[in-house]
Amino acid sequence: MFRRSLTLIPCAARASARPTSLLTTRYLQSAVQPPTANPDVSRDELKERRGRRPVRAIGQLKTLHPGRLHSSDFVDVSNLTLSRILVDDDRAFVCYGAYRISGVVDYVPFPPNARGFLYYHHDPELPPTSGEIRLRLTPDNDVAGFERGKDLVGLNGSPWAMGLVTLTQPSYEPFTRRLVEDGLFDPALMQKLVERWKGKRVLHPHDRVVHYLEQPFTAQLPRGLSIRIVTPDGIGIARHEDVFRDRRAHVNAVPYSGRVLLRLERSRLPEHTGTRSVVIRVLKILEPIEVVIPGYDMRLPVPKEGDLIHKHDLRRVLRPFSVDLDKTRNLDLRDIGLLYPKVRAGYLLEAAGV
1 MFRRSLTLIP
11 CAARASARPT
21 SLLTTRYLQS
31 AVQPPTANPD
41 VSRDELKERR
51 GRRPVRAIGQ
61 LKTLHPGRLH
71 SSDFVDVSNL
81 TLSRILVDDD
91 RAFVCYGAYR
101 ISGVVDYVPF
111 PPNARGFLYY
121 HHDPELPPTS
131 GEIRLRLTPD
141 NDVAGFERGK
151 DLVGLNGSPW
161 AMGLVTLTQP
171 SYEPFTRRLV
181 EDGLFDPALM
191 QKLVERWKGK
201 RVLHPHDRVV
211 HYLEQPFTAQ
221 LPRGLSIRIV
231 TPDGIGIARH
241 EDVFRDRRAH
251 VNAVPYSGRV
261 LLRLERSRLP
271 EHTGTRSVVI
281 RVLKILEPIE
291 VVIPGYDMRL
301 PVPKEGDLIH
311 KHDLRRVLRP
321 FSVDLDKTRN
331 LDLRDIGLLY
341 PKVRAGYLLE
351 AAGV
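Rendered as structure tokens:
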């Protein structure tokens, strides 16, 4: 049995967690579902597959501005693992994603009918660092179909995209230059991000990306909390494997399965007055919560919409799970501090499809 993990090879494009960052039912309803990679493939088969992966030039891109597209900007990457695109006169590659198994890359081809227009997407409710290039699916090269089209979905169920953390890598310079020339991104800020994010790893397709505090993100139970944090001030990660875990010795497992929409928010609990404490609220149940431990005594409360996530403290008292950013010794949670000044109290949940 080989270990399988989603990874992003240098010539690949990530599936944004925007949904990564704001993955909601709105996006799940408006996108084409991705194919499933075969997990039962041998190392030798992967090596052979690498040698025969389809690569094809798919045209020349002149703009990423959704309001300036022409029929000549139409691309067709259907069933391709690697696609060569000329951005103006420079060559660039895109791919749907890849699995890495025991050091061997298994490229995942684009879905059938993956054709349309690459364009720059930025949610005005989010910081400029949340911008990304997506593929709007259309039946043909008629630009009039752009507004009626749907965005291609990536491996993690959110819109497939090349986010700015990926685009600031040197191999993606043709795309960033085109964004600047299209007036879609401030060149000074782009240069700042290139310098600040230099050497940072490219985001994986399955990453959930959060740009500010109180921004919704998804979690799949029984997995723990894991999000990437991307702000103009830096890049970080927040993870906690035990958020949903019952730590009693005879259990020591997450008793529930399901998918939930969460958000980190400033704690307004009396015991946290005067501190920079953060709690986690359940915004929406996206997939039904089910008990997966037979005969479980329900000691850990079932996540419910509108409630805070609760955990038992060292005295076995049930309390809202919280993180004091100035006192926590958990290095995996300190990067939440990158988000704390970025609270967007006016953000409407309707924009997230809640």
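Note that the UniProt record's numbering has the sequence shown beginning at 1, numbered continuously upward.
Ideal Cβ placement from N, Cα and C applies to all residues, glycine included.
Q | Straight-line Cα distance separating R136 from D89 | A | D89 and R136: Cα-Cα distance of roughly 23 Å.
Q. Relative to the C-alpha of G163, which residue among I229, K284, V254 and R148 is closest?
A. If we check each option's Cα against that of G163, I229 comes out closest.
Q) Under a three-way DSSP split, which group does residue 384 fall into? A) In the structure displayed, the chain extends from 1 to 354; residue 384 sits before or after that span and is not available.
Q: Using 10 angstroms around the beta-carbon of E132, count the other beta-carbons present and answer buried if the total reaches 16, otherwise exposed.
A: E132 comes out buried.
Q. For T218, does the three-state DSSP call read helix, strand or coil?
A. In the structure shown, T218 sits in a strand (DSSP, three-state: E or B).
(Q) Between the alpha carbons of A15 and L118, how many angstroms are there, rounded? (A) For A15, the predicted structure reports a pLDDT of 32, less than 50, and the residue's modelled location is therefore unreliable. A value from the coordinates is still provided. Computed Cα separation, rounded: 14 Å.
Q | Proximity below 7 Å, CB of S78 to CB of P112 | A | Result yes, Cβ atoms of S78 and P112 sit closer than 7 Å.
Q | Residue nearest to V292 in terms of C-alpha spacing, selected from L300, Y256, G274 and I309 | A | Selected option, being the one with the closest Cα: Y256.
Q. What number of angstroms, rounded off, separates the C-alpha of G116 from the C-alpha of T138?
A. For G116 and T138, the distance between alpha carbons rounds to 5 Å.
Q. According to the Cβ coordinates, are L225 and H211 closer than 7 Å?
A. 7 Å or more divides the Cβ of L225 from the Cβ of H211.
Q: Classify Y119 as helix, strand or coil using the three-state DSSP reduction.
A: In this structure, Y119 counts as strand in the three-state DSSP scheme.
(Q) Assuming the contact rule is C-beta atoms closer than 8 Å, A92 and Y172 should be a hit. Round their C-beta distance to whole Å, please. (A) Contact between A92 and Y172 holds, with the beta-carbon distance rounding to 7 Å and staying under 8 Å.
Q.
Just to confirm before moving on: does the CB-CB distance between L64 and R178 stay below 7 Å?
A. Contact check for L64 against R178 passes: the beta carbons are separated by less than 7 Å.
**Q.** Given V317 as reference, the closest of V87, V243, L300 and P174 once Cα atoms are compared
**A.** The shortest C-alpha separation from V317 is found at L300.
Q: Let me know the secondary structure DSSP gives G73 once reduced to three states.
A: First, the residue type needs correcting, since residue 73 is Asp and not Gly in the sequence shown. Reduced to three states, the DSSP call for D73 is helix.
Q.
Pop quiz: G337 and P288 are said to be a contact at Cβ under 8 Å. What is the actual Cβ separation, rounded to whole angstroms?
A. Cβ-Cβ separation between G337 and P288: approximately 34 Å, too far for a contact (criterion under 8 Å).
Q | Host alpha helix (DSSP H) of A188 (start-end) | A | Boundaries of the alpha helix (DSSP H) around A188: P187 to R196.
(Q) Going by C-alpha to C-alpha distance, which of G145, R319 and Q191 sits closest to H272? (A) Answer by Cα proximity: R319.
Q | Range covered by the beta strand (DSSP E) that runs through R239 | A | Run containing R239: G234 to H240, per the beta strand (DSSP E) assignment.
Q) Is it the case that the Cβ atoms of L61 and V87 are separated by a distance below 7 Å? A) It is a contact, given that the beta carbons lie within the stated cut-off.
Q) Nearest CA to the CA of E214: which residue from L339, Y296, L80 and V75? A) E214 has its Cα closest to that of L339, out of L339, Y296, L80 and V75.
(Q) For the ligand GTP, I want to know if R228 counts as a neighbour, meaning its beta carbon is within less than 6 Å of at least one of the ligand's heavy atoms. (A) The ligand GTP is not part of this structure, which contains no ligands at all.
Q | Alpha-carbon spacing of G183 relative to P174, whole angstroms | A | Straight-line Cα distance between these residues: approximately 14 Å.
Q) With a Cβ-Cβ cutoff of 7 Å, do V251 and A219 count as a contact? A) Their beta carbons are not under 7 Å apart, which means V251 does not touch A219 by this criterion.
Q) Is DSSP giving D335 helix, strand or coil here? A) In this structure, DSSP gives D335 a helical state, which the three-state scheme calls helix.
Q | Secondary structure of R276, DSSP reduced to three states | A | R276 falls in the coil class under three-state DSSP.
Q: Using the Cα positions of R334 and Y107, report the straight-line distance between them to the nearest angstrom.
A: Counting only the Cα atoms, Y107 lies some 34 Å from R334.
(Q) Using DSSP's beta-bridge definition, name the partner residues of G258. (A) L221, per the DSSP bridge assignment.
Q.
So, with DSSP's three-state summary, where would you put P159?
A. P159: strand per DSSP, three-state reduction.
Q: With DSSP collapsed to three states, give me the class of S322.
A: Look at S322 here: in three-state DSSP terms it is strand.
(Q) My assumption, with CB atoms under 8 Å, is that R281 sits in contact with E265. Please give the rounded CB distance. (A) Their Cβ separation, rounded to whole angstroms, is 6 Å, which keeps R281 and E265 in contact under 8 Å.
Q. Using the C-alpha atoms, what's the distance from S71 back to R223?
A. Their Cα atoms are separated by approximately 44 Å.
Q: Output the boundary residues of the beta strand (DSSP E) element that contains F93.
A: Per DSSP, F93 belongs to the beta strand (DSSP E) from D90 to V94.
Q. What first and last residue would you give for the beta strand (DSSP E) that runs through R316?
A. No beta strand (DSSP E) contains R316, which DSSP labels as neither H nor E.
Q | R268 to L283 span [Cα, whole Å] | A | R268 and L283 have their C-alpha atoms spaced approximately 17 Å apart.
Q: Round the Cβ separation of A114 and R134 to the nearest angstrom and send it over; I've been treating them as touching at under 8 Å.
A: About 12 Å separates the two Cβ atoms, so there is no contact after all.
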